[in-house]
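Novice: Sending over a structure as C-alpha cells; questions will come in a sec.
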Amino acid sequence: MSTARPRLFVVLLAVLGGVGIGNLGMAQTGGASGTGGDVQAGKEGFRVVSGDGAFALRLRGDLYADVRFFPGTTEPAGAERFFLRRARPRLQGRVYDRFAFSLRSDFGIGGPEIDDAFVEARFAPALRLRMGRFNVPVGLEVLSSSTGLMHVERGFPAGLVPERDVGVMLAGDVGAGRLHYALGLFNGAPGASEPGGDVDDAKEAAGRVFVVPFAGTNGMWKGLGVGLAGTVGTVTGTAGTPALTGLRTTGRQSFFGYRDEARADGRRWRLAPQARLYAGPVELLGTYTVTTETARRGPDQETLTHRAWQASAAVVLTGEDAREGEVVPDDPFGAERGTGAIELGGRVHGVTFDDEAFPAFAAPTAASGATAWGLTLSWYPNAMVRVMLGMERTGFEAVGAGPARDPETLLLTRMQISF
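Those letters in the sequence shown? Residues 10 to 428, per this note's numbering, in order.
As C-alpha cells, this is what we get:
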C-alpha cells in the first residue's frame, strides 16, 4: 500500500488537533464561539469538547513493542526478532451529537495500513447505523480490543473469522444493555490470518447476538455473556487474491494454507458460538468457530469445513476486578509503595482442517490440525501501560501417514501503552 494515506492521516491528526485546541482557546477566553468548552487528558486519550457537548474530538493511540524467541525450534530466518506489533494513532469525533467518526491507521508489522475508517449515525441506543471499514461482528476476541486480551495474541478461532471489512451495519443495545445485536453487509473477507479484499461483486452478510442476562445485578453472574454470530455469502477468488482461509501460530508462523492454484469458488459460511465471564478478579472465555468454504483447483472443486476452539482463563493475583478491556491497579506503580496489578492467564486452543483438503487443495507443507497451550503473565503498572511475558507450545497433526511438523515453542514479551 502506498505510504501517502498514512502520511495524510498524521497530517490530519496534527491539523485537526491544532484547529480543535485553537477553537477551544477562543471559546474559553470569550472568543467568537462564546459557548465555552473543555480540554481533557487522561487514560482514555486527549479530548476537546464543545461547551454544549454536541461536538468532540479525541486523540487516542496504541503502541506495542514485542520480542519473540523460539527456543529449541527451527524457524525461518528472521522469525526471532524485535518488532513493532502495533503502532496505531486514532482520531475519534462526534458532530451535532448524533453523528460520530473514527480514523485509525497502523504503522506496525504488516503496515502501514488503514485499520478503521467509518461514520456512524446514532439514532438511539438500540439503533446505530455504521458505514465504512470496521470490525466484522463475528469473533468474540476479534471484537475485543487488543489492549485487553488475556494473551499476547488471539487464539485459533479468531483466525477463521474476518477481522475488518468495508460495509454497512445496523447495531444496538436493548433491554438496559442485556442484549446486543449487529447485522451487516460487507464486501467479504477471508479469515483474520489472511489478507483480503473485494474480489467480486457478491457480498457477505454477517450477524451477531450477544446476551448479558444478569447485567445490572450484583450477583457473581452479572459479568456473564453468551452469544452466537455468523456470516454467509458467495465468493469467487482470483489468482492474486484466492480468498481462502489460512492460519498462523501465535508466533506468526504459517502452518496451513492452500496451493497456489487454489481459489475460493462458491458458498462460504461461518458459525461462532461464544461466551465469557467476568467475576471479580477472574475472567473466563470460550469460543468455537466453524468455517465452511468452497475451494477450486483446476477441474476439482470441494466444500471444506474447518473447526477451531479455545478455552482461556485469567486471574488478577493482586485482587483487582477483571474488566472488559482493562485492569485498573488499586495501587499504581510510582505511588507510595504502589506495585501495580499482576495477572496470570492460561489457555488451550486447537484447530482441525477438513481431510478433503489434502492433498489436492492444501499446500504441501500444511498441517492437518494443531493444538496449543500457553501461559501469560501481565504486569499493569498503571491503567495505560502493560508488560506481558508469554510462552506457548504448539503441536501439529500429521497429514495421513506422513511425518508431523516439529512442535513450536514460543517465548514472547510485549510492552504496550494505550490511551
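Ideal Cβ positions, reconstructed from N, Cα and C, are used throughout, including at glycine.
With 16 as the cutoff for other CB atoms within 10 Å, does residue 318 come out buried or exposed?
Specialist: Burial call: buried.
Novice: Kindly give me the distance between the Cβ atoms of residue 402 and residue 383, rounded to whole angstroms, as I take these residues to be in contact under 8 Å.
Specialist: Right, their Cβ atoms sit about 7 Å apart.
Novice: Where does residue 155 sit, in a helix, a strand or coil, going by DSSP?
Specialist: Helix.
Novice: May I ask which residues mark the beginning and end of the beta strand (DSSP E) holding residue 168?
Specialist: Premise fails: residue 168 lies in the alpha helix (DSSP H), 165-168, not in any beta strand (DSSP E).
Novice: Can you give the Cα-Cα distance for residue 254 and residue 313, rounded to whole angstroms?
Specialist: Cα to Cα, residue 254 sits roughly 10 Å from residue 313.
Novice: Which one or two residues does DSSP pair with residue 295 in a beta bridge?
Specialist: In the DSSP output, where bridge partners are listed per residue, residue 295 has 284 and 320.
Novice: Is residue 366 helix, strand or coil when you go by DSSP?
Specialist: Looking at residue 366 - three-state DSSP - the assignment turns out to be helix.
Novice: What's the C-alpha gap between residue 385 and residue 297?
Specialist: Roughly 21 Å separates the two Cα atoms.
Novice: Once the 5 residues before and after residue 282 are set aside, which same chain residues still bring their CB inside 6 Å of it?
Specialist: Correct list, in chain order: 237 and 297.
Novice: Using a Cβ cut-off of 8 Å (strictly closer), state whether residue 314 contacts chain C.
Specialist: Structure shown: chain C not included; a single protein chain is present.
Novice: Tell me, to the nearest whole angstrom, how far the beta carbon of residue 322 is from that of residue 355; I am working on the premise that it is less than 8 Å.
Specialist: That belief holds up - the Cβ atoms of residue 322 and residue 355 are roughly 6 Å apart, short of 8 Å.
Novice: Alpha carbon to alpha carbon, how far is residue 169 from residue 358? Give it in angstroms, no decimals.
Specialist: Roughly 13 Å separates the two Cα atoms.
Novice: Nearest to residue 328 by CA position, among 288, 302 and 362, is which residue?
Specialist: That would be 288, whose Cα lies nearest to the Cα of residue 328.
Novice: Grab the span of the beta strand (DSSP E) containing residue 98 for me, first residue to last.
Specialist: 90-104 is the span of the beta strand (DSSP E), which, as asked, contains residue 98.
Novice: Below 8 Å, how does it come out for the segment 121-129 and the segment 80-93: are there three or more Cβ pairs, yes or no?
Specialist: Touching, no, given that fewer than three Cβ pairs across the two stretches are closer than 8 Å.
Novice: Buried or exposed for residue 67, please, with buried defined as at least 16 other CB atoms from any protein chain shown within 10 angstroms of its CB.
Specialist: Buried: at least 16 other Cβ atoms inside 10 Å.
Novice: Do residue 255 and the ligand GDP come close, with the Cβ less than 7 Å from some heavy atom?
Specialist: Of ligands this structure carries none, so the ligand GDP is not represented either.
Novice: Rounded to whole angstroms, what is the Cα-Cα separation between residue 4 and residue 132?
Specialist: Nothing in the structure corresponds to residue 4, since the chain is present only between 10 and 428.
Novice: Tell me the residue span of the beta strand (DSSP E) that contains residue 178.
Specialist: From DSSP, the beta strand (DSSP E) with residue 178 extends over 173-183.
Novice: Taking contact to mean 3 or more Cβ pairs, one atom from each stretch, closer than 8 Å, check whether the segment 266-283 and the segment 299-315 are in contact.
Specialist: Counting Cβ pairs under 8 Å, three or more are found: they touch.
Novice: Expressed to the nearest angstrom, what Euclidean distance is found between the alpha-carbon atoms of residue 299 and residue 216?
Specialist: C-alpha separation (whole angstroms): 15 Å.
Novice: Would you kindly report the start and end of the unbroken beta strand (DSSP E) that includes residue 381?
Specialist: Run containing residue 381: 378-389, per the beta strand (DSSP E) assignment.
Novice: Take residue 295 as the anchor and find which of 62, 258, 48 and 148 has the nearest alpha-carbon.
Specialist: Nearest C-alpha to residue 295: 148.
Novice: DSSP three-state call for residue 411: helix, strand or coil?
Specialist: In the structure shown, residue 411 sits in coil (DSSP, three-state: anything other than H, G, I, E or B).
Novice: Have a look at residue 174 and residue 346 and give me their C-alpha separation to the nearest angstrom.
Specialist: So the two alpha carbons sit approximately 46 Å from each other.
Novice: Do residue 418 and residue 80 come within 8 Å of each other at the CB atom, strictly closer than that value?
Specialist: For residue 80 and residue 418, yes; Cβs fall inside 8 Å.
Novice: Just how far apart, CA to CA, sit residue 365 and residue 234?
Specialist: The alpha-carbon atoms of residue 365 and residue 234 are separated by roughly 35 Å.
Novice: How long is the line joining the alpha carbons of residue 302 and residue 248, rounded to whole angstroms?
Specialist: Rounded to whole angstroms, residue 302 to residue 248 spans 17 Å at the Cα level.
Novice: Can you tell me which of 293, 333 and 77 puts its alpha carbon nearest to the alpha carbon of residue 320?
Specialist: For residue 320, the nearest C-alpha among the options comes from 293.
Novice: DSSP state of residue 417, grouped into three classes?
Specialist: In this structure, residue 417 counts as strand in the three-state DSSP scheme.
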